[in-house]
Every structure is written in C-alpha cells, then in structure tokens.
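Student: The structure under discussion is supplied below as structure tokens; questions concerning it will follow.
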Amino acid sequence: MLELRLVQGSLLKKVLESIKELVTDANFDCSSTGFSLQAMDSSHVALVALLLRSEGFEHYRCDRNMSMGMNLNNMAKMLKCAGNDDIITIKADDGGDTVTFMFESPTQDKISDFEMKLMDIDSEHLGIPEAEYHAIVKMPSSEFARICRDLSSIGDTVVISVTKEGVKFSTKGDIGSANIVCRQNTSVDKPEEATVIDMNEPVSLTFALRYMNSFTKATPLSNTVSISLSNELPVVVEYKIAEMGYVRFYLAPKIEE
Amino acid sequence: DSKQSTLTRFFKKV
Chain A
48 MLELRLVQGS
58 LLKKVLESIK
68 ELVTDANFDC
78 SSTGFSLQAM
88 DSSHVALVAL
98 LLRSEGFEHY
108 RCDRNMSMGM
118 NLNNMAKMLK
128 CAGNDDIITI
138 KADDGGDTVT
148 FMFESPTQDK
158 ISDFEMKLMD
168 IDSEHLGIPE
178 AEYHAIVKMP
188 SSEFARICRD
198 LSSIGDTVVI
208 SVTKEGVKFS
218 TKGDIGSANI
228 VCRQNTSVDK
238 PEEATVIDMN
248 EPVSLTFALR
258 YMNSFTKATP
268 LSNTVSISLS
278 NELPVVVEYK
288 IAEMGYVRFY
298 LAPKIEE
Chain B
7 DSKQSTLTRF
17 FKKV
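One line per chain: the protein sequences are A and B, in this order. Be aware that the first sequence starts at 48, since it is given in the working numbering, and climbs by one per residue. Be aware that the second sequence starts at 7, since it is given in the working numbering, and climbs by one per residue.
The structure is reproduced here in structure tokens:
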C-alpha cells in the first residue's frame with residue numbers, strides 16, 4: 048500500500064509540466080527514501096532525475112518498494128485538474144494496475160479522485176557516479192531561461208564557457224552570432240538574484256539548445272538554477288525543490304568529430 | 007562539425 052500526501056500539491060503539478068516534454072513514459076519509484084524517477088528522452092541524449100524526499104510529504108506510507116509506470120502526458124492531464132492550492136494524495140495498492148490522485152481543496156469542501164491506469168515500461172536505468180565538476184554556476188533560473196530562449200532564436204547550439212572572467216553563452220546561426228557573458232555578482236540585495244561561479248578549471252562545452260530550452264520548463268520550481276560542467280561529462284542542470292528534493296537534467300555534449 | 011553524443015557514452019546501464 049502506498050499513500051503520499053503532499054500539502055503543496057502545486058509542486059507536483061510543476062514537476063510534471065517540467066518533464067513531460069522530455070519524456071513520454073516513465074517509472075516512478077517509491078521507497079522509504081522518497082518518490083523518485085529517472086528517465087531518458089527517446090534519443091538517449093538527455094536524462095531527468097527527480098527526487099521528492101519522504102520527509103517533504105505530510106504523510107508518507109510506502110509499505111514496500113514500488114515502481115509505477117505512467118504516461119507523463121496523461122498524468123499531467125490529471126494533475127491539471129487539481130487546483131494550485133489543493134492538497135494532492137497519491138494512492139496505490141501493492142500489485143495493482145492503477146494509481147489514484149486525490150485532490151482536496153484547502154477548505155476541504157471539494158474532494159476529487161482521479162484514477163489512472165498504470166503501464167509496464169521497460170526503462171533503462173543509468174548509474175550516475177558522484178563527480179567533481181570543473182565549474183558550477185548558480186544563477187537566477189529566469190535569467191538562464193531568458194538566455195536559452197534568446198540564443199535559440201539565433202542558433203541551434205550553445206557553447207557554455209566558464210573562465211575566471213565569468214560564464215559565457217555563445218551561439219552562431221545563419222543570420223549571425225551572439226555572446227552573453229554573466230559575471231559573478233554576489234553583491235545583490237537578494238541571494239536568489241546572485242550569479243555565483245565556483246571554478247576549479249576553465250571549461251567549455253557545446254550543447255543543443257532545444258534540450259536546454261526544454262529543461263527551463265522547470266523554472267517555476269526554483270528561483271535559482273545550478274549548472275555543473277566538466278570537460279569529460281554531461282552537464283547537470285539542477286532545480287532544487289524547496290525542502291523536498293530536486294529535478295536534475297543531464298545533457299550529453301556535442302563532440303568534435 | 008560537432009556530433010551529438012549520447013548519455014550511454016558516459017554512464018553505464020545498471
């Protein structure tokens with residue numbers, strides 16, 4: 048038996064909106080640690096890893112580890128029926144083939160339940176080792192989204208370069224080229240508006256903007272985003288989910304032939 | 007020109 052009660056139900060709505068473009072079907076794994084997911088896009092270029100820790104739920108009951116295959120578009124359709132202030136409870140029976148989403152209005156005067164069919168998904172799980180990154184850039188998530196959107200009107204790829212001068216986002220296309228440099232600025236009024244660059248070694252990597260733009264669908268989840276870069280590794284774009292966990296996106300770089 | 011790599015080049019399947 049599984050029963051997870053999330054008071055801030057809007058978080059789950061935002062999580063689904065942030066990943067449903069990248070991944071069609073995925074297994075949600077439920078254990079004593081929390082509610083999690085790891086899934087790759089169909090071309091195996093990008094991966095999403097989600098963790099909502101059990102402590103973040105008001106009530107968390109998971110009698111034994113469960114993996115529930117869901118179509119994310121269908122799940123998003125159901126969660127769209129929850130109000131932004133609603134409490135969402137996820138319920139499932141061991142070995143059952145459905146999951147129920149229960150929505151409670153804050154005043155408890157409207158209670159809805161939506162039952163969704165589960166599916167069998169053969170998903171490939173990747174082992175992602177802990178890594179020391181050459182550079183980690185933390186910046187306002189809205190600024191990162193703006194940069195990705197702006198550059199994708201000029202080119203298809205972005206070169207992200209970190210030096211002691213700052214972080215540079217560059218693109219080239221048929222109509223011309225663009226460079227956006229963000230310098231470290233820790234003297235802003237609010238910490239979430241700061242750009243912080245933690246660099247051990249200069250790094251420069253090229254990525255497809257289409258995927259970066261898809262990742263920025265997670266912007267409503269967090270005021271800040273952290274971008275971890277190493278010359279030999281996929282980039283990690285992480286949005287922290289307040290007091291609960293994270294959504295991390297991994298993207299394989301473009302490599303010179 | 008650069009070519010898109012895939013994640014399985016970097017991470018092992020488990």
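Even glycine gets a Cβ: it sits at the ideal position worked out from N, Cα and C. Remember, predicted model here, so these are calculated numbers, not experimental data.
Can you name the residues of chain B whose CB is closer than 8 Å to the CB of A:G174?
Tutor: Simply F17, K18, K19, V20.
Student: For A:C128, count the other beta carbons within 10 Å of its own beta carbon; 16 or more makes it buried, fewer makes it exposed. Which is it?
Tutor: A:C128 comes out exposed.
Student: Could you tell me the distance, in whole angstroms, from the CA atom of A:D197 to the CA atom of A:G292?
Tutor: Distance between the alpha carbons of A:D197 and A:G292 is about 29 Å.
Student: Report the neighbours of A:H91 on chain B: residues whose CB is nearer than 7 Å to its CB, in chain order.
Tutor: Ordered by position in chain B, the residues that pass the 7 Å Cβ test against A:H91 are T12, L13, T14.
Student: Looking at chain B, is there any beta carbon in it that lies within less than 8 Å of the beta carbon of A:M87?
Tutor: At least one chain B Cβ lies under 8 Å of A:M87.
Student: Can you tell me which residues form a DSSP beta bridge with A:P187?
Tutor: Per DSSP, A:T271.
Student: Just to check my reading of the structure: A:D76 and A:L84 have Cβ atoms closer than 8 Å, yes? What is that Cβ distance to the nearest angstrom?
Tutor: So it is a contact: roughly 7 Å between Cβ atoms.
Student: Can you tell me whether A:E303 is helix, strand or coil according to DSSP?
Tutor: If DSSP states are grouped into helix, strand and coil, A:E303 belongs with the strands.
Student: Identify whether A:F262 lies in helix, strand or coil by the three-state DSSP scheme.
Tutor: Residue state, collapsed to three classes: helix.
Student: Note down, in chain order, every chain B residue with its Cβ under 7 Å from the Cβ of A:Y297.
Tutor: Per Cβ cutoff of 7 Å: L13.
Student: If A:L334 sits next to A:I137, beta carbons under 8 Å apart, how far is it from one beta carbon to the other, in whole angstroms?
Tutor: This structure cannot speak to residue 334 of chain A, because chain A is shown only from 48 to 304.
Student: With DSSP as the reference, label A:D72 as helix, strand or coil.
Tutor: Strand.
Student: Against A:E304, what residues of chain B qualify as contacts under a CB-to-CB distance less than 8 Å, listed in chain order?
Tutor: By Cβ distance, chain B contributes D7, S8, K9.
Student: To which residues does DSSP link A:K215 through a beta bridge?
Tutor: Bridge partners of A:K215: A:S208, A:V228.
Student: Given this structure, state the Cα-to-Cα distance separating A:V282 from A:L298, to the nearest angstrom.
Tutor: About 5 Å.
Student: How would you call A:M87, buried or exposed, if buried means at least 16 neighbouring beta carbons within 10 angstroms?
Tutor: Answer is buried; the Cβ neighbour count reaches 16.
Student: According to DSSP, simplified to helix, strand and coil, what is A:A123?
Tutor: Helix at A:A123.
Student: Chain B beta carbons: is any one of them nearer than 8 Å to that of A:E171?
Tutor: Yes, because at least one Cβ of chain B sits closer than 8 Å to the Cβ of A:E171.
Student: Any Cβ of chain B within less than 8 Å of the Cβ of A:P249?
Tutor: False, the Cβ-Cβ gap to chain B never drops below 8 Å.
Student: Return the bridge partner residues of A:D160 from the DSSP annotation.
Tutor: For A:D160, which the question treats as bridged, DSSP gives the partners A:M149.
Student: From A:Y180 to A:G174, what distance separates their C-alpha atoms?
Tutor: The alpha-carbon atoms of A:Y180 and A:G174 are separated by roughly 17 Å.
Student: Which complete alpha helix (DSSP H) runs does the segment 49-124 of chain A hold, if anything under 4 residues is left out?
Tutor: Whole alpha helix (DSSP H) segments, 4+ residues: 57-66.
Student: Looking at A:D245: is its Cβ nearer than 8 Å to the Cβ of A:I183?
Tutor: Result yes, Cβ atoms of A:D245 and A:I183 sit closer than 8 Å.
Student: Provide the residue span of the beta strand (DSSP E) that contains A:G292, from first to last.
Tutor: Taken as a continuous stretch (DSSP letters only), the beta strand (DSSP E) holding A:G292 covers 292-298.
Student: The beta strand (DSSP E) with A:Y286 in it runs from where to where?
Tutor: Element bounds for A:Y286: 282-288.
Student: For the beta strand (DSSP E) that A:V235 lies in, which residues bound it at each end?
Tutor: Note, A:V235: premise wrong, no beta strand (DSSP E); not H, not E.
Student: Exposed or buried, what is A:I134 when buried is set at 16 or more other beta-carbons lying within 10 Å of its beta-carbon?
Tutor: Buried.
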